[in-house]
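Input: a single structure, listed below in structure tokens.
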Amino acid sequence: MSIMGTRVIRTEDPRLLTVGGVYVDDLRTPGLNRAARVTFVRSPLAHARITGIDASEALSEPGVVAVLTVADMDDLAPSPPSSGEWDGSPAPLGGPWAEPLLAVDTVRFVGEPLLEEMLYDVEGNPLTCTLADYAVISPPDLPSFELVASETPTDLNPLGAKGIGEAGSIGSTPAVHNAVVDAVAHLGVRHIDMPATPQRVWAAINKAQKESE
Amino acid sequence: MKVHLTVNGKDITADVEDRMLLVHFLRDVADLTATNVGCDTTSCGACTVLLDGESVKSCTVLAAQASGHEITTLEGLASDGTMHPVQRAFHEQHGLQCGFCTPGMVMAIVSLLRENPHPTEEQVRTGLEGNLCRCTGYHNIVRAALAAAETVEVPS
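Written out as structure tokens, the structure reads:
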């Protein structure tokens with residue numbers, strides 16, 4: 001028996017399909033009636049270096065119980081070795097390493113090469129803040145998929161793996177982007193910055209035509 | 001103001017703020033938390049419910065507008081412990097992963113199949129344009145909708 005192609009029905013689904021999952025906002029225990037609420041504060045600036053966080057003003061507001069930054073967390077597991085200190089040996093699996101608490105630049109699926117983009121104006125104000133202008137990919141944007149196994153293990157890690165679950169190193173992003181570049185290659189286009197929005201594809205075609213004149 | 005709604009067959013009368021949204025009425029007054037608030041801006045469809053049998057995004061309907069009408073949420077679909085064909089199709093076809101968009105997806109498909117009992121794949125995708133999912137890539141959601149269409153005689 002192979003797990004490939006074998007449908008394993010999940011046991012947690014009936015609850016999610018009939019009464020819904022219990023997410024934080026769904027908690028209704030009486031003990032939470034007067035509980036403090038957590039708000040996550042995001043950086044108001046794009047691409048900035050944090051030299052320090054002054055929380056005194058926030059703390060002086062009525063009702064604020066605490067302001068926590070990463071500096072308040074002293075029990076974090078060590079980060080994985082960075083490439084600078086890596087001696088080239090395969091990284092041991094399952095080490096006591098911590099993922100960064102807040103994901104940075106890691107959500108990269110098929111949506112990225114086509115649409116999704118965080119845009120900022122010249123003063124660093126984010127322009128794509130809601131799901132309406134951040135163009136998350138929707139059902140009509142995608143074709144039906146056919147699963148094909150194509151196994152060419154890499155020798156760069158002990159697993160031979162190239163794609164890793166839902167991390168950023170999966171194949172769909174380059175596959176979609178290569179397809180877009182290939183579709184306009186006959187017009188002289190060799191490169192388009194991601195995501196390949198209509199405006200960028202149009203600009204790339206115009207640039208290639210100007211260069212060939 | 002006083003509102004009177006029938007939610008999943010149950011009459012609920014309550015005194016609510018004029019500005020209360022239907023989704024907050026369902027979650028905080030009717031205590032039905034399957035309906036999720038995903039974006040608050042009518043983009044994601046997680047809060048989709050049926051109003052007199054038609055799908056609406058309940059973050060864009062006032063509780064006052066729904067007064068006197070019938071609302072069906074995910075909790076009202078199954079009867080006597082038997083899942084609705086759309087719920088069953090989602091289970092069998094792996095139409096969900098984290099489950100957050102699922103209540104809205106299921107309600108949107110129930111409404112879609114009422115309007116069009118035998119949609120093509122393209123019609124399903126177009127019909128679900130207002131519902132976003134971050135896990136599945138939609139493949140198995142579309143498959144579940146098509147499978148449900150096979151089994152649903154008269155969608156209810």
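Line by line, the protein sequences are chains Z and E.
When you line the first sequence up against the numbering used here, it's residues 1 to 213, in that order.
When you line the second sequence up against the numbering used here, it's residues 1 to 156, in that order.
Using N, Cα and C, we set each Cβ at its ideal position, and we do this for glycine too.
Residues that E:Q87 contacts on chain Z, provided the C-beta gap is smaller than 7 Å:
Result: L17, T18.
Is the CB of Z:S138 under 8 Å away from at least one CB in chain E?
True, the Cβ-Cβ gap to chain E drops below 8 Å.
How long is the line joining the alpha carbons of Z:P195 and Z:E117, rounded to whole angstroms?
Between the C-alpha atoms of Z:P195 and Z:E117 there is a straight-line separation of about 7 Å.
Entirely within the stretch 115 to 196 of chain Z and at least 4 residues each: give me those alpha helix (DSSP H) ranges in chain order.
Taking only runs of at least 4 residues, the alpha helix (DSSP H) segments lying wholly in the stretch 115 to 196 of chain Z are 172 to 183.
Could you tell me which residues DSSP puts in a beta bridge with E:D11?
Answer by DSSP bridge pairing, in chain order: E:T6.
Taking buried to mean at least 16 other C-beta atoms within 10 Å of its own C-beta, is Z:A204 buried or exposed?
So Z:A204 ends up on the buried side.
Among E:L32, E:V37, E:C98, the one whose alpha carbon lies nearest that of E:I71:
Closest by alpha carbon: E:L32.
Whole angstroms is fine: what's the gap from Z:T51's alpha carbon to Z:L127's?
Distance between the alpha carbons of Z:T51 and Z:L127: 25 Å.
Check each residue of the stretch 101 to 120 of chain E: if its Cβ is closer than 8 Å to any Cβ of chain Z, include it; give the result in chain order.
Against chain Z - using a Cβ distance shorter than 8 Å - the residues of the stretch 101 to 120 of chain E are T102, P103, V106.
Could you give the DSSP three-state label for Z:I50: helix, strand or coil?
In the three-state reduction of the DSSP assignment, Z:I50 falls in the coil class.
Chain Z contacts from the stretch 59 to 82 of chain E (Cβ-Cβ distance under 8 Å):
Within the stretch 59 to 82 of chain E, L74, E75, L77, A78 place their CB atoms closer than 8 Å to a CB of chain Z, listed in sequence order.
Going by C-alpha distance, which of E:A64, E:H69, E:G38 is nearest E:D11?
Residue E:H69 is the option with its Cα nearest to E:D11.
Whole angstroms is fine: what's the gap from E:V61's alpha carbon to E:L132's?
In a straight line, the C-alpha of E:V61 is about 19 Å away from that of E:L132.
Looking only at its chain, what residues have a beta carbon closer than 7 Å to the beta carbon of Z:R200, apart from the 5 residues adjacent to it on each side?
Excluding sequence neighbours, Z:R200 sits near I192, D193.
Please check if any C-beta of chain Z sits within less than 8 Å of the C-beta of E:E92.
Interface residue, yes.
Assigned secondary structure, E:L132 (DSSP; H/G/I helix, E/B strand, else coil)
Coil at E:L132, not helix or strand.
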